[in-house]
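Student: Sending over a structure as structure tokens; questions will come in a sec.
Chains as they are written, first to last, in my numbering: chain A, 141 to 480; chain E, 141 to 480; chain G, 141 to 480; chain L, 141 to 480; chain D, 141 to 480; chain R, 141 to 480.
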């Protein structure tokens with residue numbers, strides 16, 4: 141079976157309950173998640189084999205993160221223990237006109253103090269066919285960026301498909317470098333990039349900003365600029381998200397293969413239970429879809445959009461949805477009927 | 141006062157909280173419900189006298205089910221204790237594009253092992269004017285079907301009005317018989333049947349399937365086929381349910397008296413708190429409405445639809461709504477203003 | 141800094157969780173709130189100085205109310221301890237077509253047994269520029285009405301701006317007097333009145349009822365009648381509330397300065413977390429807006445409407461929203477995006 | 141079957157969870173209880189027939205109290221609806237060296253504003269053999285005392301056995317009379333009085349205070365003084381409670397029949413889950429025991445003590461313990477083994 | 141590393157919270173456990189490799205049980221999916237003088253309908269050194285007993301050490317056979333038997349009952365009778381449990397190797413958080429201890445007793461305790477100091 | 141009124157509920173505490189004026205910490221906002237033989253990155269009579285130690301009484317210095333030191349270790365060595381803690397004034413709700429007691445011990461106990477009776 145390795149940070153998420161504000165919280169729900177881990181969970185749920193590589197502290201919180209991986213059947217045999225702390229983020233989930241808030245408390249985490257050379261990537265990746273990373277790891281610290289780049293290069297040498305979620309987080313990137321200083325070199329190895337065109341341009345240091353990027357007909361020209369800078373690139377993709385409110389989203393998506401633009405129909409999602417990780421759910425759906433045989437690009441995109449929609453109904457960061465449930469949506473059943 | 145007797149199974153319902161998936165549940169909310177019990181609760185809430193007849197095990201879970209009946213003022217003087225276990229169902233409540241899931245764990249329950257002759261129906265029904273049963277009981281087991289048929293025949297002999305909710309549950313009917321082997325004989329005694337025309341045709345073994353059954357003008361012809369097979373039939377009725385999503389329903393209803401089709405205006409229900417039991421709420425509203433004097437068929441139907449709508453806002457299986465609250469809706473106040 | 145003093149009752153609110161009905165409640169969430177207190181909280185959140193004056197019993201519940209004031213940085217230096225009990229209200233929060241219910245249990249509270257002369261208003265108000273009261277206090281009891289009138293007159297003497305929320309509560313006013321017996325004298329000192337025109341007419345004993353009061357062009361004539369009876373009046377204002385359901389509100393607002401009618405665009409609010417106190421949030425926003433320099437009446441109204449909308453997303457009675465969050469809405473960002 | 145009627149107030153109890161202090165409570169657990177109601181619940185649990193007579197307001201809180209009675213199978217056919225409010229008490233459960241705290245909020249409750257003549261006692265008591273009241277009702281208000289006395293006299297006329305729990309509550313008795321002004325006349329009809337000798341002397345206006353009342357040999361002389369004032373008295377009884385801490389009690393008991401003193405062995409109870417209602421559990425056990433045939437006074441007392449011990453392990457005011465569970469303790473099994 | 145395989149049923153445990161009675165439960169905490177699974181968890185926690193073999197239904201509850209195994213790092217590669225339902229048990233946790241109650245609802249579970257031949261034991265056991273089973277599996281059904289015997293014989297052939305916990309459950313054994321009809325043949329292969337001598341005698345059909353079995357000097361004679369019937373037996377062991385109350389246990393233990401009796405000092409455990417699974421914790425500790433090198437029988441027993449004590453402080457069925465924590469107790473530190 | 145200023149770190153405490161282990165936690169209770177803050181809370185509860193000085197980040201978690209100070213009426217006018225994060229500690233509360241566990245996550249907190257010169261201590265301390273610090277602040281970082289020393293010297297110059305809790309935390313002191321490198325200079329200004337003699341010797345670099353330090357007669361000689369090194373010292377004090385288990389403590393205390401040893405009687409505390417902060421409760425009680433007039437050293441010590449005992453019954457870090465409640469214990473009432 142094809143095996144995907146994803147690499148990134150896993151965080152303890154502490155979220156207020158029942159849409160309470162931080163100032164009202166007497167307790168926090170504790171779950172674990174992180175962009176690249178969330179992708180691995182999706183893949184396992186769809187029947188693929190996935191491994192997550194990360195570093196967690198050698199304490200009970202690090203162990204809890206590993207429990208979560210094991211419980212979800214994400215291979216964690218190469219997870220390293222060390223460093224000082226598990227990164228944390230506090231989440232206040234918004235609703236209606238009130239936006240969600242995140243307080244990051246992930247500085248000095250085990251993953252952000254990771255250094256090049258700590259993982260034996262040749263060994264780790266030897267049975268894998270796909271490597272996934274995101275723009276979060278290079279945003280953590282200079283050493284984490286280097287450690288990530290090291291993995292990318294090994295993956296490339298070993299001939300793995302490489303996918304990247306740009307995942308720009310403005311509250312990170314605090315170590316003195318900007319995305320455009322770091323990302324262009326790293327993205328040269330990517331075969332698939334997920335992100336809207338503005339973020340891609342920003343991270344690649346392109347000056348172009350698209351005033352109207354959601355118009356399908358303008359996209360190829362813009363995407364082609366990215367293809368020029370990333371010689372291995374085969375696909376660019378992005379969710380199209382129309383935010384009516386914190387509780388009501390309209391979700392579509394685009395996939396471009398260098399020639400043709402595929403576009404998925406927009407779906408209504410209301411109410412939103414948990415929006416965090418919906419991009420990762422899209423990414424997971426897309427990786428799964430692009431691994432199906434025979435390749436059907438439109439269906440792969442539709443699968444990713446449906447996965448993204450369903451993620452909004454799932455509490456926590458990752459997408460606890462089966463392939464069957466997604467396929468039911470692809471077949472047009474949005475009625476939410478009770479099965480009994 | 142007129143007294144309605146309903147007969148069926150009461151289950152322990154174990155539902156996940158806050159729209160969590162089964163895989164996320166660390167606890168289950170425990171409530172008690174069942175189609176025919178839910179009807180009895182509705183009737184008591186509207187001021188009628190209602191008795192529920194069932195069999196529960198002689199253990200603390202059986203006692204809890206009886207506590208629930210007593211608390212809600214449903215007469216339980218003839219509830220029998222015996223058998224091995226209380227039936228259970230696990231519920232994962234969906235939201236938005238994600239459907240609810242039910243895991244039935246009701247095999248070998250006290251009610252499904254009930255046998256003909258265990259209840260003294262002549263005694264039980266002697267003060268009643270109405271008997272209600274549903275297609276769930278004959279779906280449980282061959283002996284339960286026989287025990288139900290026995291009750292129906294006594295009710296008929298004693299001149300009670302008999303109402304039936306077809307309630308087809310595909311996950312039941314596991315004992316080797318199909319609805320069409322059992323239901324036609326039993327439905328011959330029904331005066332009122334609740335169910336959509338497709339289900340009615342399926343259960344009666346009619347080959348006709350209506351491609352367009354929600355169109356009022358096509359219904360009389362289809363319903364008349366059912367009337368032919370059910371000589372005592374006076375009314376057929378059905379909810380009209382347009383499922384926008386698991387969180388958004390549009391609810392209407394139809395009542396046909398053999399001559400005229402009554403149709404209630406469609407109401408929006410969003411968000412949905414709990415959809416389970418909304419059909420029972422309709423049934424309860426209809427029985428109540430058809431017992432009001434003077435008889436007003438349109439109003440009876442409207443009452444049933446309003447009851448059904450309000451049920452979607454109530455957590456649990458049965459409808460904790462007063463007659464006044466329904467009548468407020470009938471009078472057109474859907475504004476949800478705070479009363480203070 | 142300008143300081144606002146608000147005067148009224150603070151209640152223990154006991155509300156059912158998860159939209160449960162009273163009959164289903166095994167526990168009650170405990171919070172504290174009251175119209176005039178809620179206004180003070182809003183003002184502090186926007187950066188103003190606000191003091192709340194009230195009377196609470198000298199027991200642990202009274203202390204809890206004071207803790208809440210302190211926690212929220214509302215000045216409580218003049219809160220008096222005495223009397224027999226803290227007023228309570230029980231709240232069952234509705235949803236969709238089901239309205240919320242309130243059970244008041246506030247008779248004989250410390251505040252309703254307050255008498256004229258207990259507070260030294262000259263001392264209390266000496267550093268204040270604004271005094272706010274509402275129609276709830278005169279509704280509690282004859283002595284509370286007198287105590288309120290006493291405060292109003294001192295505030296007037298000291299030259300404070302006086303604002304009044306009419307806040308008609310039909311379940312109060314049980315002591316033998318009607319609003320029109322009490323309110324006209326008190327409203328003579330008001331500079332700003334919040335309330336719809338029908339309530340204003342009713343409380344002032346005017347016979348006029350507006351059949352079409354939400355039409356902007358008809359308002360000046362109606363408002364002018366109120367201005368005639370209230371010689372100090374400078375502004376009348378009201379929220380415009382279109383209740384689609386208990387879970388879906390459309391919120392607008394009107395401000396009239398005796399010459400010009402300002403109208404704010406209607407905003408959608410769905411789903412509603414907690415509707416209680418949304419009028420107080422409007423009032424707080426308006427007081428804040430009218431204190432900004434330079435005075436911009438349209439912006440003050442818009443600020444009040446945005447504050448009111450956001451309050452619907454906040455659990456509890458008062459509005460835990462910052463000025464920045466409101467201004468983000470004023471700038472047109474209703475998308476509820478996660479900030480990270 | 142013998143039927144006991146108990147008469148008194150039922151309260152909404154709002155208690156903090158997990159031994160939190162009032163100042164820490166964000167929610168309150170809601171249960172219903174009251175001394176005389178608790179006695180009725182005990183009797184039903186032991187297989188007797190019991191009716192509770194009270195007055196509750198005609199609102200949802202009153203209905204909830206009635207639901208509780210029905211659920212527990214306590215006959216509530218004569219419960220009256222009316223008056224303004226349900227009495228409330230707030231409970232902070234202590235532990236170890238920290239005592240529990242109670243805040244009463246029961247003034248002006250439906251029961252405390254009850255007046256003589258509202259109940260038709262001849263009708264209510266016609267099928268009863270036993271009437272139970274306690275010193276709480278005459279402590280509520282002058283009219284409640286009169287209404288209670290009226291019931292006592294009818295019970296006496298009809299030849300019922302009358303039992304009384306002295307239940308002195310120092311925070312009540314606020315209406316201008318002291319126990320000794322009211323209780324002596326009422327106690328003249330009592331056949332059984334529960335209370336320690338100091339309380340009995342205090343309520344009867346006797347000057348004697350026993351310095352050493354727990355010494356069995358001194359009791360007959362002291363009790364005989366009470367017997368002189370209460371001509372119908374057949375038994376005095378009291379729990380003997382040695383409080384090691386709020387979490388550790390040692391429970392014994394005494395029964396005196398005018399001739400002989402019976403004393404039950406002291407039992408250890410630790411940890412204490414809920415001490416409230418343990419005296420009522422004793423009273424319920426004693427009434428049950430004295431109704432068993434053949435009469436065995438020592439066993440009746442032992443049954444009462446065991447019931448009292450077990451109550452300390454039950455959350456809430458009343459004793460959810462079966463006769464079998466008590467008898468297991470009487471047979472000496474305190475091991476708390478799991479039955480499986 | 142040595143690998144232990146344990147074989148038995150895993151159940152969904154639904155337990156009331158905060159010592160509530162079944163009649164008070166509005167929700168149930170859901171955990172998963174079972175005697176032989178609990179043993180496997182202990183071993184993994186102490187650093188050994190352990191696999192659990194069972195059969196669970198192919199539904200979400202079966203999946204949840206597997207999640208639990210994975211999370212705890214218990215090898216579940218041979219867990220079979222099939223059958224109709226996951227066994228359930230309801231638990232009401234007692235306290236002080238009130239005992240815990242269990243309601244078994246495990247009839248017709250996937251494991252109890254398991255048949256001989258479904259597992260390929262030669263394959264499953266090929267890398268194992270130890271096989272553990274208990275008296276629960278043969279108590280479930282005749283086919284489960286046969287399936288268990290099949291596994292035992294293969295384990296014996298392959299030369300594994302075989303341990304057995306007698307685990308007599310009187311509420312099981314409902315299929316027409318008694319322990320003495322089934323167990324003697326099965327126990328012939330056991331190398332280690334855990335259970336008190338009375339249970340051993342009862343299951344082996346021996347008539348001897350020891351009136352004084354906890355006296356060390358009488359044990360060898362009694363144990364030797366068992367050794368005669370079980371030719372492979374090397375050790376008998378038992379916990380010594382003195383139940384002061386449901387909240388207070390005194391725990392010791394005995395190990396007999398056919399020659400010498402080892403006895404561990406009795407430890408106080410109060411308060412008890414969760415007593416279920418404490419015997420399994422002892423068994424797990426003993427297996428671990430007997431696998432340590434060099435063999436130290438007294439220390440192995442002490443380890444088992446300490447593990448058993450600590451289990452009483454852990455919520456749920458299995459023992460979430462590390463080897464270090466047990467060794468701290470063995471070194472005499474019972475002070476419960478905070479480590480910081 | 142005398143005013144005490146305390147200086148130190150306030151942490152977000154995230155603790156598991158119901159004695160769950162970290163590996164079982166699905167949520168964490170959030171409270172705020174810290175040794176020196178806890179002392180300030182105690183003093184306010186006893187009627188003194190207390191201010192807490194600290195630095196918290198300028199985010200919502202920092203605001204929550206300030207809310208807590210305000211709610212508890214601890215003066216926070218000089219709390220500084222800045223730095224990167226609020227320190228966190230995770231707590232798993234033990235029970236019986238299982239100890240509590242703490243995971244510190246406080247590196248790089250706002251307080252640990254505080255530098256000398258950030259606070260204007262002359263201004264802050266100008267109205268104070270007492271300054272309290274503990275050994276935690278110098279353990280955080282070199283700059284925090286310097287900042288603390290700066291405050292001490294100003295307090296000394298201004299003539300304040302200075303008290304110090306040695307509070308040795310082995311998991312801190314990670315910045316390259318040991319207590320004996322830092323503390324001796326700082327302790328030279330202390331008038332009162334709280335800590336056992338071993339800790340005092342260790343922190344002062346004394347080689348002496350007392351084999352038997354709890355024997356009163358040996359203490360003066362040992363304490364006198366400390367007095368020699370700390371010229372301003374007037375009192376040394378320590379709790380005497382006999383840990384029976386995590387749930388059962390025996391608490392006494394000693395106070396030495398350079399001449400006389402005072403010893404308080406040992407009190408039983410069982411069960412323990414929350415042991416964290418019990419030393420701070422002792423310290424708070426002692427400061428209060430030594431400020432009472434006329435000075436009664438034995439009573440001051442007794443007050444401190446009683447406060448410490450009662451803290452064990454309070455959830456959270458600080459002592460929500462009134463002066464009255466402590467005095468009730470001093471008067472010998474440990475019975476935990478319900479007050480009603």
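Ideal Cβ positions, reconstructed from N, Cα and C, are used throughout, including at glycine.
None of these values were measured; they are calculated from a predicted model.
1. Taking residue 213 of chain R as the query, report the chain G residues whose CB atoms sit under 7 Å from its CB, ordered along the chain.
2. If we cut at 8 Å on Cβ distances, does residue 159 of chain D have a partner in chain L?
3. Residue 237 of chain A: buried (16+ other C-beta within 10 angstroms of its C-beta) or exposed?
4. I need the DSSP call for residue 303 of chain R, collapsed to helix, strand or coil.
5. Pull up the CB-CB distance for residue 306 of chain R and residue 280 of chain R, whole angstroms please, since I reckon it's below 8 Å.
6. On the criterion of 16 or more Cβ atoms from any shown chain inside 10 Å, does residue 249 of chain G qualify as buried, or is it exposed?
7. Are the C-beta of residue 153 of chain L and some C-beta of chain R separated by less than 8 Å?
8. Return yes when the Cβ of residue 447 of chain G is within less than 8 Å of the Cβ of residue 252 of chain G, no when it is not.
9. Would you decide whether residue 266 of chain R is buried or exposed? Buried here means 16 or more other CB atoms lie within 10 Å of its CB.
10. Do residue 463 of chain G and the ligand GDP come close, with the Cβ less than 7 Å from some heavy atom?
11. In its own chain, which residues sit with a C-beta less than 7 Å from the C-beta of residue 343 of chain A, not counting the 5 before and 5 after it?
12. I need the DSSP call for residue 428 of chain A, collapsed to helix, strand or coil.
Tutor: The answer reads as follows:
1. What you label residue 213 of chain R is simply residue 73 of the sixth chain in a count that begins at 1. Taking a Cβ-Cβ cut-off of 7 Å, the neighbours of residue 213 of chain R in chain G comprise 210, given in sequence order.
2. Counted from its first residue, the fifth chain places residue 159 of chain D at position 19. Yes, because at least one Cβ of chain L sits closer than 8 Å to the Cβ of residue 159 of chain D.
3. Within the first chain, the letter at position 97 stands for residue 237 of chain A. By the C-beta density criterion, residue 237 of chain A is buried, having at least 16 other C-beta atoms within 10 angstroms.
4. For the purposes of this step, residue 303 of chain R is taken as residue 163 along the sixth chain, with counting starting at 1. The three-state reading of DSSP puts residue 303 of chain R in strand, counting E and B together.
5. Within the sixth chain, the letter at position 166 stands for residue 306 of chain R. Within the sixth chain, the letter at position 140 stands for residue 280 of chain R. Not really, about 15 Å apart at Cβ, beyond 8 Å.
6. As a working mapping, residue 249 of chain G is identified with position 109 in the third chain. Of the residues assessed, residue 249 of chain G falls on the buried side of the cut-off, its CB having 16 or more other CB atoms within 10 angstroms.
7. Taking the fourth chain and counting its residues from 1, one reaches residue 153 of chain L at position 13. No, because no Cβ of chain R sits closer than 8 Å to the Cβ of residue 153 of chain L.
8. Locating residue 252 of chain G in the third chain gives position 112, where the first residue counts as 1. Locating residue 447 of chain G in the third chain gives position 307, where the first residue counts as 1. For residue 252 of chain G and residue 447 of chain G, no; Cβs fall outside 8 Å.
9. For this step, residue 266 of chain R is matched to residue 126 along the sixth chain. Residue 266 of chain R comes out exposed.
10. Among the ligands in the structure shown, none appear at all, so the ligand GDP cannot be discussed.
11. The residue you call residue 343 of chain A lines up with position 203 of the first chain. The residues are 275, 306, 308, 319, 320 and 323.
12. Numbered from its first residue, the first chain carries residue 428 of chain A at position 288. Helix, per DSSP.
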